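Let me begin by presenting the structure, written as structure tokens, before commenting on it.
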Amino acid sequence: MLTIRDCDVLVEPGDLRERVDLAIADGRVAAIAPVGDRGRGAGGAGGAAGGGASERGGAAREAGGGASQAGGGAAGEGRAGTGGAGGGVGEGRAGTGGAGGGVGEGRAGTGGAGGVAGEGRVIDGRGLLAIPGLVNAHTHSPENCLRGAGEGLALEPWLCAMFAIGGEYDAEAHEVCALAGAAEMLRSGTTGVIDHLWMTPPSAAALDGAMRGYERSGMRAAVAPLMEDVDVTDRLAARLGLDVSAGLVTTLQHVLSAREQLDLLADAFARWHGAAGGRLRVLAGPGGVQWASKELLLGAAELARAHDSGVHIHLLETRVQAAACREAFGMSGLRRLAALGLLDARLSLPHGVWIDGDDVAAIAAGGATVVHNPAANTRLGSGRAPVPELLAAGAHVALGTDGSASSDNQLLWHQLKLAALIHNDGDADRWVTAAQALTMATTAGARAMARGAGERDDGLGTLRVGAPADLALLDRRAPGLSGAVEPEAALVLSEDGRAVRHVFVAGEQVVADGRCLTIDEAEVGARLAELSARRTAAARSLPPAAERAVAQMHALRAAVGSGAKVRSGAAGASGAAGGSGSGAVGGSGAAGGSGAAGGSGAVGGSGAAGGSGAARGAARRRHP
Numbered sequence: 001m002l003t004i005r006d007c008d009v010l011v012e013p014g015d016l017r018e019r020v021d022l023a024i025a026d027g028r029v030a031a032i033a034p035v036g037d038r039g040r041g042a043g044g045a046g047g048a049a050g051g052g053a054s055e056r057g058g059a060a061r062e063a064g065g066g067a068s069q070a071g072g073g074a075a076g077e078g079r080a081g082t083g084g085a086g087g088g089v090g091e092g093r094a095g096t097g098g099a100g101g102g103v104g105e106g107r108a109g110t111g112g113a114g115g116v117a118g119e120g121r122v123i124d125g126r127g128l129l130a131i132p133g134l135v136n137a138h139t140h141s142p143e144n145c146l147r148g149a150g151e152g153l154a155l156e157p158w159l160c161a162m163f164a165i166g167g168e169y170d171a172e173a174h175e176v177c178a179l180a181g182a183a184e185m186l187r188s189g190t191t192g193v194i195d196h197l198w199m200t201p202p203s204a205a206a207l208d209g210a211m212r213g214y215e216r217s218g219m220r221a222a223v224a225p226l227m228e229d230v231d232v233t234d235r236l237a238a239r240l241g242l243d244v245s246a247g248l249v250t251t252l253q254h255v256l257s258a259r260e261q262l263d264l265l266a267d268a269f270a271r272w273h274g275a276a277g278g279r280l281r282v283l284a285g286p287g288g289v290q291w292a293s294k295e296l297l298l299g300a301a302e303l304a305r306a307h308d309s310g311v312h313i314h315l316l317e318t319r320v321q322a323a324a325c326r327e328a329f330g331m332s333g334l335r336r337l338a339a340l341g342l343l344d345a346r347l348s349l350p351h352g353v354w355i356d357g358d359d360v361a362a363i364a365a366g367g368a369t370v371v372h373n374p375a376a377n378t379r380l381g382s383g384r385a386p387v388p389e390l391l392a393a394g395a396h397v398a399l400g401t402d403g404s405a406s407s408d409n410q411l412l413w414h415q416l417k418l419a420a421l422i423h424n425d426g427d428a429d430r431w432v433t434a435a436q437a438l439t440m441a442t443t444a445g446a447r448a449m450a451r452g453a454g455e456r457d458d459g460l461g462t463l464r465v466g467a468p469a470d471l472a473l474l475d476r477r478a479p480g481l482s483g484a485v486e487p488e489a490a491l492v493l494s495e496d497g498r499a500v501r502h503v504f505v506a507g508e509q510v511v512a513d514g515r516c517l518t519i520d521e522a523e524v525g526a527r528l529a530e531l532s533a534r535r536t537a538a539a540r541s542l543p544p545a546a547e548r549a550v551a552q553m554h555a556l557r558a559a560v561g562s563g564a565k566v567r568s569g570a571a572g573a574s575g576a577a578g579g580s581g582s583g584a585v586g587g588s589g590a591a592g593g594s595g596a597a598g599g600s601g602a603v604g605g606s607g608a609a610g611g612s613g614a615a616r617g618a619a620r621r622r623h624p
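Numbered by the UniProt record's numbering, the letters in the sequence shown go through residues 1 to 624 in order.
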């Protein structure tokens, strides 16, 4: 058992407990009790006099236990676990009494006159604030050796540059990149991540490299192997009279069919889903609606359902993507997913910038989660997701850094501040609050990582009694928090990760006094530097083929953005490009009133679906 004495605890946004004892056992929060209750007894929220806590939920549910009655404590027997790093082991009967501390459906109450008791490790929590571990709900770990690349490029040309700069990754490179990102996240209090893992070339060995990295790190990770087999962008380009063949064919033409990629995903589920005591998970990860065939989308969703997991797919990051989906499918990318039966609580959608009011309503009704990536969307000029509209509609919104080549670090604190500030125009009543931003970075991200089914919520992303003990201890005397009159607002607006002192995942300590215990950061840093050095020449001077690809994508982006050659309406009447007032860029309609993103959504017509065909013949590593 681990007890953090006399600390402050942010149980979840809006629930700050001051001067309490926090107990951890069996990898979960066992009890939270005011320091004044210490020594009054070992009952209540799950203390156990013999040095343990009862099984899951923080209160005994063994013989004679069950759920406690209202106002009463739990009763029963249970063996203590080995909570925390070096927690004690013991056996004892749970106390009775207490004002709260009941268990209901596996989640215990947190009140009670019974204090935290039992032997084991004790941390002096005076001056410390315990918060739920943050969850980075979207990144691409291979980009950890590509920081700063493609500066000044918008997404479509940036992708082409990345193909040339990134090159091939072997299993060791994937392991190093995963470890480097994990170290950066853990040291700053991020305990969970969704890694939309692109692989060049895709292989079981490459996936194993990344999974080994997360396994070694002690971090909680859901890895979504990125899969693509088509690109419908060429249809739009062909109708606009543009040649984008160079931009659609990479210098690494590792061609995998939908069936081959689905077989790789099935193997990943079989070998890694639920590994490391459930700390590691696998998600299905189609690259995007415009980059995945119907066969790939349906196959990915079927595998996710079969393994009680989720689907993680980029959604309409740019105006070009919105127009390309309209051109190819005659509907928005979100409606395409809905038509195929993918729009449900298992679905998480990074970006969602160019969605309209109808899309917002459908996302909320379907229970999917949009993952906001404010830094990357700003850096790449993609636009601003309609987060206030999503929140007002009751949709789930999580927070992600995106990859380090588009947002340049893995510090979720930077995203917290941006998410809370960039939407501050128009009606102040719809601005993103600190509590909403913290929810994005904790419970909403945990929901997406765990697969997105609210009925399966076990408290991940909170510090409720019974929740997994993923938490960070922050020094309230550090620059970002000292002098704070509103602690939650200070966490969002002032903190940058430097206040993080200790971090735990499933009750195991992974960071102590700011030092990562599970990763040799010097070794990983040296290996990461080698990977970056191999890519420096390409970053400084792109090969001619890549330069042509970048130029072609600049032209496509300009044509779609200007609307000069584009039939009106392709972006939708209620449109992502503006018009309805609920528009994708915060409702400002900044992209132009008549739907400048392109045509009427014909799926063929006069050969528009043909183009060069290059996109359908090459499997590209898209990694926005």
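Even for Gly, the Cβ is constructed at its ideal location relative to N, Cα and C. Please read these numbers as outputs of a predicted model, since none were measured by experiment.
Per DSSP, cross-strand counterpart(s) of residue i
i	result
Thr369	Ser348, His396
Gln509	Phe504
Asp124	Arg5
Cys516	Val511
His423	DSSP, once it has assigned bridges, lists no residue as partnering His423.
Asp195	Thr139, Val223
Leu129	Asp8, Leu474
Arg281	Ala222
Pro34	Val20
Pro286	Met227
For residue i, the three-state DSSP class (helix, strand or coil)
i	result
Leu340	coil
Arg19	strand
His314	strand
Gly58	Residue placement at Gly58 is poorly supported in this model, since its pLDDT is 37, which falls under 50; the coordinates still yield a value, given next. Looking at Gly58 - three-state DSSP - the assignment turns out to be coil, as it is neither helix nor strand.
Val176	helix
Val465	coil
Arg220	strand
Asp358	helix
Val230	coil
Ala25	strand
Arg548	helix
Gly247	helix
residue 625	Residue numbering for the chain in the displayed model covers 1 to 624; residue 625 lies beyond these limits and cannot be assessed.
Arg384	coil
Thr401	coil
Met440	helix
Leu334	helix
Distance between residue j and residue i (C-alpha atoms, nearest Å)
i	j	result
Ala537	Ala467	48 Å
His307	Ala210	20 Å
Asp267	Ala284	12 Å
Gly400	Ala364	19 Å
Gly133	Cys145	25 Å
His220	Gly241	In the sequence on display, residue 220 carries Arg and not His. Arg220 and Gly241: Cα-Cα distance of roughly 47 Å.
Val223	Ala25	27 Å
Gly14	Ala437	12 Å
Ala490	Gly366	33 Å
Arg212	Glu175	6 Å
Ile32	Leu22	5 Å
Ala375	Gln261	30 Å
Val20	Leu460	20 Å
Ala549	Arg540	16 Å
Val11	Arg187	20 Å
Gly27	Glu327	50 Å
Leu256	Leu481	50 Å
Val289	Phe329	10 Å
Ala558	Gly483	48 Å
His502	Ala551	47 Å
Same chain only: Cβ atoms within 6 Å of residue i, ignoring 5 sequence neighbours per side
i	result
Phe504	Ala469, Leu471
Arg527	Val176
Glu184	Gln410
Asp427	none
Nonlocal neighbours in the same chain, by C-beta distance under 8 Å from residue i, ignoring five residues either side
i	result
Leu556	Glu156, Thr233, Leu236, Ala237, Leu240, Leu242, Val244, Gly247, Val320
residue 665	The displayed coordinates of the chain run from 1 to 624. Any statement about residue 665 would go beyond what the structure contains.
Residues near residue i by beta carbon distance below 7 Å, same chain, minus five either side
i	result
Gly352	Leu315, Leu316, Val370, Ala385
Ala478	Arg498, Ala499
Arg107	With a pLDDT of 32 at Arg107, under the threshold of 50, the modelled position of this residue cannot be trusted, and the question is left open.
Trp413	Ser188, Glu495, Asp496, Gly497
My parser needs the beta strand (DSSP E) runs of 3 or more residues fully inside the region 468-495; what are they? If we require 3 residues or more, the beta strand (DSSP E) runs fully inside the region 468-495 come out as 471-475.
Which ranges does the beta strand (DSSP E) cover as unbroken runs of at least 3 residues, wholly within the region 134-191, from first to last along the chain? 134-139
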